[in-house]
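To start, the structure itself, in structure tokens.
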Amino acid sequence: MKQFVVFLYFLIHCEAVLNDRPIIGVLSQELTDMIADNYGDNYVSYIAASYIKHLESAGARVVPVWINQTSEYYEYIVNSVNGLVIPGGAAPFNASDGYATAGKELYNLAKQKNEEGVNFPVLGVCLGFELLAVLSADEYDLRSICDIQNVALPLNFSSDYKSSRMYKDASDEMVKIMQTENVTINFHHWCITDNDLAEGNVSDQWHVLSYSEYNGTKFVSSFEHTEYPFYGYQFHPEKNTFEWKITNNNPHTANAVLVEQYYGSFIVNEARKNNNSFPNFNQEMEALIYNYSTSYTTHNTPFEQIYFFPRTRSNLQVYNYHNYHSSNNYYN
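FYI, in mature numbering (1 follows the signal peptide of the UniProt record, and there is no 0) the residues of the sequence shown are -16 to -1, 1 to 316.
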């Protein structure tokens, strides 16, 4: 009887910890030259809609995270959402007040949050994966040029990948799909190799989980941080289901869609492990991506749909986190 009571307590406790209303922040970025040529008169930043769909279809809601904001704003975001995604794109790392600057601030705040005992996940995809590695090396740009564009590849898992958080729950069938089928699409000018991680003196920070290889170049395709719930992959699972540009080789097989769903569910389930919340219901509603519309952009950008954000925008009011858990917090 005592054992049953202990088990019941453990079960209830675990269920109470998990958040069934996760919200994930997705970092926006400055317009590329191609996008700016078509949309630059009215907008300053964007998020490809495929990232939003990827997360929403796995059970999360999304808040766009602006570039070129104050430190107080980024602290507000990290204290309000349940995780962050730093997406792929073409933003430079040396531009001030853009994607990389915001990414650095968010990365440091996320580290602090985890050191305070809150499980706060960060996912980097493609360029975001590269940014995580560079930030972990104190901004030393450890990347190598490889220019692997529009190529779908399988994964070659490291020998201890099953000990990872990212892949420990992957079924044998899922692993086989990832290992034997071209289900991860690659669009990247840069690669990160084992030598790059060693040169940046961060090999001990990242557990390399898989590699991919193309034209004799072997590169890291997924990793996770050894201390924090930070994850990255060089490929784009979201494109398998949500990007349909006919000139791209995005895999759309049933198995490729399963792979997309696996990665989406993984990061959303990581975000369920904390109970951050916005100060009140109204601020949550104002922050959500639902306040913005997509544009159909497949004819003149690499993306099927894009969320654009204008030059004139009413930013969220920043609140002191120490006042969050007041009577205004509708979750308490």
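We treat Cβ as the ideally placed atom computed from N, Cα and C, and that holds for glycine.
By how many angstroms is the C-alpha of residue j removed from the C-alpha of residue i?
| i | j | result |
| --- | --- | --- |
| Y274 | I36 | 10 Å |
| L272 | N3 | 17 Å |
| S142 | S194 | 5 Å |
| I251 | N232 | 25 Å |
| Y30 | R5 | 25 Å |
| V1 | P213 | 17 Å |
| A154 | V243 | 10 Å |
| L107 | F113 | 7 Å |
| E270 | S64 | 13 Å |
| D81 | P138 | 36 Å |
| H236 | S41 | 16 Å |
| Y27 | K160 | 43 Å |
| Y276 | R295 | 14 Å |
| S181 | Y217 | Note that residue 181 is Leu in the sequence shown, not Ser. Using only the alpha carbons, I get a separation of about 15 Å. |
| F293 | F287 | 16 Å |
| S55 | E211 | 24 Å |
| M158 | N253 | 18 Å |
| G101 | V62 | 14 Å |
Identify, in the order they occur along the chain, each residue of the same chain with its Cβ nearer than 7 Å to the Cβ of residue i, setting aside the five sequence neighbours on each side.
| i | result |
| --- | --- |
| K146 | K152 |
| S148 | H191, L193 and E208 |
| M18 | T285 |
| N179 | none |
| G24 | L15 |
| N234 | I169, K223, N224 and E227 |
| N134 | F171, N232 and N233 |
| K95 | Y212 |
| S122 | In the sequence on display, residue 122 carries Asp and not Ser. Here the set comprises nothing. |
Can you check which of these residues, the options, is closest to residue i by C-alpha distance?
| i | options | result |
| --- | --- | --- |
| A255 | N98, L15 and Q289 | N98 |
| E165 | N224, P105 and S64 | N224 |
| Y60 | Q267, Y124, Y280 and Q289 | Q267 |
| T177 | K160, V118, K229 and I290 | V118 |
| L11 | S55, V1 and L68 | L68 |
| I132 | H173, V243, V159 and F226 | H173 |
| G43 | T16, A33, I8 and V62 | I8 |
| P105 | T237, T168 and N66 | N66 |
| I156 | Y246, E100, N134 and D81 | The question names Ile, but residue 156 is Asp in the sequence shown. Ranking Y246, E100, N134 and D81 by Cα distance to D156 puts Y246 first. |
| V46 | T201, I70, T281 and T54 | I70 |
| V109 | D122, N199, I169 and A238 | I169 |
| D144 | Y124, S206 and K229 | S206 |
| N199 | E123, A136 and G101 | A136 |
| T281 | K229, R295 and A240 | K229 |
| Q163 | N239, Y57 and N26 | N239 |
| Q13 | I161, V167, E56 and P76 | P76 |
| S187 | T54, A20 and S120 | S120 |
| A20 | E100, N134 and A74 | A74 |
| Y124 | N185, V241 and V62 | N185 |
With a threshold of 6 Å on Cβ separation, who are the neighbours of residue i within its own chain once the five nearest residues in sequence on each side are excluded?
| i | result |
| --- | --- |
| K257 | N103 |
| N22 | N284 |
| C175 | S128, C130 and F203 |
| H38 | E222 and G248 |
| T201 | C130 |
Could you round the C-beta distance between residue i and residue j to whole angstroms and report it? I think they count as a contact, below 8 Å.
| i | j | result |
| --- | --- | --- |
| Q189 | H209 | 6 Å |
| L93 | E183 | Wrong, their Cβ atoms sit about 27 Å apart, outside the cutoff. |
| Y215 | M150 | 6 Å |
| G72 | L111 | 5 Å |
| N260 | E197 | So it is not a contact: roughly 39 Å between Cβ atoms. |
Relative to the ligand FAD, is the shortest distance from any of its heavy atoms to the C-beta of residue i smaller than 7 Å?
| i | result |
| --- | --- |
| R127 | By its list of ligands, the structure shown contains no ligand whatsoever, and the ligand FAD lies outside what it can speak to. |
For residue i, I'd like the list of residues in its chain whose CB is within less than 8 Å of its CB, leaving aside the five on either flank, ordered along the chain.
| i | result |
| --- | --- |
| T278 | A33, Q289, I290 and Y291 |
| N78 | A84 |
| V167 | A136, P138, I161, N224, P235, T237, N239, A240 and V243 |
Okay, do the region 78 to 88 and the region 48 to 56 touch, 3+ Cβ pairs below 8 Å being the bar?
-> yes
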